[in-house]
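Student: Our numbering puts the sequence shown at residues 856 to 1102.
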Amino acid sequence: MAIEVNEGNFEAEVIEASHRLPVVVDFWAEWCGPCRVLGPVLDKAAEARQGKLVLAKLDTDANPALAASFGIRGIPAVKAFRDGKVVAEFVGAQPPAAVEQFFDSLLPSAADLLVQAGDEASLRRALELEPGRADAVVPLARLLHARGDDEEALSVLRGVSGSFEADGLMAHIELERAGSPELAEALSLIDSGQAKAGVEALLGALENGAGDASDEIRRVVVGVLAELGQDSPGARDYRRRLTAALY
856 MAIEVNEGNF
866 EAEVIEASHR
876 LPVVVDFWAE
886 WCGPCRVLGP
896 VLDKAAEARQ
906 GKLVLAKLDT
916 DANPALAASF
926 GIRGIPAVKA
936 FRDGKVVAEF
946 VGAQPPAAVE
956 QFFDSLLPSA
966 ADLLVQAGDE
976 ASLRRALELE
986 PGRADAVVPL
996 ARLLHARGDD
1006 EEALSVLRGV
1016 SGSFEADGLM
1026 AHIELERAGS
1036 PELAEALSLI
1046 DSGQAKAGVE
1056 ALLGALENGA
1066 GDASDEIRRV
1076 VVGVLAELGQ
1086 DSPGARDYRR
1096 RLTAALY
């Protein structure tokens, strides 16, 4: 069943709620004929996916400021929110098949669910369905590395491109295999979940002159920072130190 939203509860029922489940908002008005056609189609599609997403309805006549803030110029207008942001939208009445496809696009794929499970068998199956997924490759390579299967871990990592985390883990394994005693403790800290302490140690080694290992250290640090996120405390200082040490 759709929920009614307005200027008073939109933040809680749509923006905040979209961090838990996708929220589809139907911007409509009583006088709008196409809205009356689309409404039941949206209701049916949402009911079929109950528990997987939320359908909300907003009367644009009663909430003009809110409608204007989302650039609503024609109705019906449908916007899907995930993690507080609009991730998909359409304007105008759509046939049921198009609405069904729109709703399905908001839900996790089979590979998404396997990645969320996170065990080795699930990650392998996810990569069979969608080869090269960094969010499956990296955790699988970590599992392999943790039990000493470094050759397979490196092979898996080579199957993904454009991922700082994957490239960083590859460099991490390469450095370990090189057997540098100066870097062993730093890498061990990262392996044990003490990422920031490990980054501190690697940056210290880089600042003191790491010779031929400087590029691998850079890749490891960049990969760890990508995993921590750019807003992580200290991340900006780590990047500044990394740049200063290299250039």
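We treat Cβ as the ideally placed atom computed from N, Cα and C, and that holds for glycine.
1) Would you check whether the ligand SAH has a heavy atom nearer than 6 angstroms to the C-beta of L893?
2) Since K940 sits in a beta bridge, which residues does DSSP pair it with?
3) Per the DSSP calculation, K912 is bridged to which residue(s)?
4) Is the segment 968-981 touching the segment 904-912, taking contact as three or more C-beta pairs under 8 angstroms?
5) Among E1037, G1078, L1080, which residue has its Cα nearest to the Cα of G1059?
6) Starting from G1014, trace the alpha helix (DSSP H) in both directions and tell me its first and last residue.
7) Give every residue of the same chain whose Cβ lies closer than 7 angstroms to the Cβ of L1083, excluding the five residues on either side of it in the sequence, and list them in chain order.
8) Any idea what DSSP makes of Q1085, helix, strand or coil?
9) For a quick check, are the C-beta atoms of V933 and F925 less than 7 angstroms apart?
10) Classify A932 as helix, strand or coil using the three-state DSSP reduction.
11) Quick one: grab the DSSP three-state call for F925.
12) Please confirm whether L995 and R980 have their CB atoms less than 7 angstroms apart.
13) From what residue to what residue does the alpha helix (DSSP H) around A972 run?
14) Does the Cβ-Cβ distance between F882 and I927 come in under 7 angstroms?
15) Can you list, in chain order, the stretches of the alpha helix (DSSP H) that have 4 or more residues and sit fully within the segment 1026-1071?
16) Buried or exposed: where does R1073 fall if 16 or more other Cβ atoms within 10 Å of its Cβ makes it buried?
Tutor: If we stick to the structure as given:
1) In terms of ligand content, the structure shown is empty, and the ligand SAH therefore cannot be addressed.
2) Answer is R937.
3) In DSSP, K912 forms a bridge with E859, D881.
4) no
5) E1037
6) Taken as a continuous stretch (DSSP letters only), G1014 belongs to no alpha helix (DSSP H), as it is neither H nor E.
7) A1050, A1090
8) coil
9) no
10) strand
11) Correct three-state label for F925: coil.
12) no
13) Counting along the chain, the alpha helix (DSSP H) containing A972 begins and ends at 965-972.
14) yes
15) DSSP runs (the alpha helix (DSSP H)) wholly in the segment 1026-1071: 1036-1046, 1050-1062.
16) buried
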